[in-house]
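Numbered per the numbering used here, the sequence shown spans residues 89 to 471.
Inspection log for the structure reproduced underneath, given as structure tokens.
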Amino acid sequence: MSKKKRTLKAGNANLQELIPKLRFPEFRDAGAWEKKPISKLLTIGSGKDYRHLSNGDIPVYGSGGYMLSVDDYLCDGESVCIGRKGTIDKPLFLKDKFWTVDTLFYTHSFKACLPIFIYLTFQNINWLNYNEAGGIPSLSKTTIGKIKIPIPLRHEQRKIADCLSSIDKLITAQTQKIETLKAHKKGLMQQLFPAQGETVPKLRFPEFRDAGAWEEKPLRDISFSISSGKDKKSYSGKYDLFGSTGIIGATSTASFDGKYILVARVGANAGLLTKVNAKFGVTDNTLVICLHQTVNIEFIFSSLERFGLNKLIFGSGQPLITGRQLKDVSLRLPDGAEQQKIADCLSSFDKLITAQAHKLDSLKSHKKGLMQQLFPSTEEVNE
């Protein structure tokens, strides 16, 4: 094959990459999308210090999200923001007046593209692949500007944006539903458990209203043991291995079998609670609470949730919680029958929350799958 034919074939293959797998009927004959450097489509602005400003109603954002509100703005209108330093893989879509600090880039002066479409495209980019730092993740205007992204005509941009925005509205509504359930459960827990300094709860099931005061006991008195795990990760293992962030892999040894409460011992998640009922392993950065059978594990889990173990965290470097601290945690306990009644009530909320969380995950998966079909791959475009 001649060099000229090989070049034409390569060009046609590249052209094919810029046609999405799924296209609305009215755009099926519209031809391939164009690939353009981001710098040709918009202007990237840098955030600034806000400390000279007064309090107001204009939001200030950093790479971690909303910070506070001030009385002046850097930009007024629709904009897509991306982290300069810190969290660089969570683009934000903002509109109206806002201010950004120096950890967050904002965009303006869009050319032949819709801001909302750019936001959707930015969600498809693996920003960590463009990280320029060995420590805290960082991006530069130059690096962002050189990234080539696929762009269709404005009418197709709008159609795609409207489609995905409708799913975003469903995701937002579902998220709010979950937050409402969680808030309702939290409010109920405040009623079902004694307040600080009290010995009986404000709200009690009818059959327990004359049952008397709850008894205060340290966790050590209702536990066989509170200790860290010793299991190791194994790629050929068949049991779940739990660490401070939840399941982190598999292990070939299951040191525990049954119902247990796990507490993250070290790191950013120190104090995080997990319930497990299975054969499983645990790493040394997680504490395992093995309770007496005389107490209800679901009730104790809810009691610890309400207590808030993060208040035990200490250490100037890595946040840390020790087994000794956990053993000294005091909880108020009713008799077994009342523990069960409260646990059953709260478990019904947990089931509702879990069911709604599954619906939310399904919506997010649907959106992700749809985006993969509606957009050519940005990774392929930049090869």
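We put the CB at the ideal spot given by N, CA and C, even for glycine.
All values reported here derive from a predicted model rather than from experimental measurement.
A straight line joining the alpha-carbon of Asp159 with that of His140 spans about 10 Å. Close CB contacts of Ser313 within its chain, under the 6 Å cut and outside five residues either way in sequence, are with Cys378 (chain order). Counted as a single uninterrupted DSSP element, the alpha helix (DSSP H) harbouring Tyr207 occupies residues 203-212. Taking 7 Å as the cut-off, the beta carbon of Leu192 is found no closer than this to the beta carbon of Cys163. The count of Cβ pairs closer than 8 Å, one atom from the segment 293-301 and one from the segment 356-372, stays below three, leaving the stretches out of contact.
Listed as beta-bridge partners of Lys185 by DSSP are Asp164. Here Gln413 is near Leu400, since their CB atoms are less than 7 Å apart.
Counting only runs that start and end inside the segment 241-314, the beta strand (DSSP E) elements of at least 3 residues fall at 303-306. Assigned with DSSP and collapsed to three states, Thr231 falls in helix.
By the C-beta criterion, the segment 135-151 is judged not to be in contact with the segment 206-220, since fewer than 3 inter-stretch pairs fall below 8 Å. Distance from Thr339 to Leu350 at the Cβ level is roughly 14 Å; contact not present, criterion being Cβ atoms closer than 8 Å. The alpha-carbon separation between Ile232 and Tyr138 amounts to approximately 24 Å. Contact between Gly424 and Asn384 holds: CB atoms are separated by about 7 Å, below the 8 Å threshold. Tyr348 counts as buried, since at least 16 other C-beta atoms from the protein chains shown sit within 10 angstroms of its C-beta.
Secondary-structure assignment with DSSP links Cys378 through a beta bridge to Ser313.
Pairing Lys236 with Gly222, the inter-Cα distance amounts to about 24 Å. Around Arg308, the same chain offers Ile314, Lys415, Asp416 as residues with beta carbons nearer than 8 Å, after the five sequence neighbours per side are excluded. Check the Cα spacing between Lys136 and each of Lys128, Ile126, Lys123, Gly150: the tightest is with Gly150.
DSSP places Ala431 within a helical segment (H, G or I) once states are collapsed to three. Contact between the segment 328-342 and the segment 266-282 is absent, with fewer than three C-beta pairs closer than 8 Å. In the DSSP annotation of this structure, Phe330 is not part of any alpha helix (DSSP H); the continuous beta strand (DSSP E) holding it starts and ends at 327-331.
Between the alpha carbons of Thr260 and Lys247 lies a distance of about 20 Å. Asn219 has its alpha-carbon roughly 24 Å from the corresponding atom of Met155. Note that the segment 434-454 does not touch the segment 322-332; fewer than 3 beta-carbon pairs, one per stretch, sit closer than 8 Å.
Rounded to the nearest angstrom, the gap between the Cα atoms of Leu258 and Lys455 is 10 Å. Within the model, the alpha-carbon separation for Gln284 versus Gln461 is close to 54 Å. According to the DSSP secondary-structure assignment, Ala366 is paired through a beta bridge with Gly346. Here Glu393 carries a helix assignment [DSSP, helix/strand/coil]. Relative to Phe198, the option among Ser127, Thr268, Gln262, Thr188 whose CA is nearest is Ser127. When beta bridges are read from the DSSP output, Thr175 appears opposite no residue.
Bounds of the beta strand (DSSP E) holding Arg420 are 418-421.
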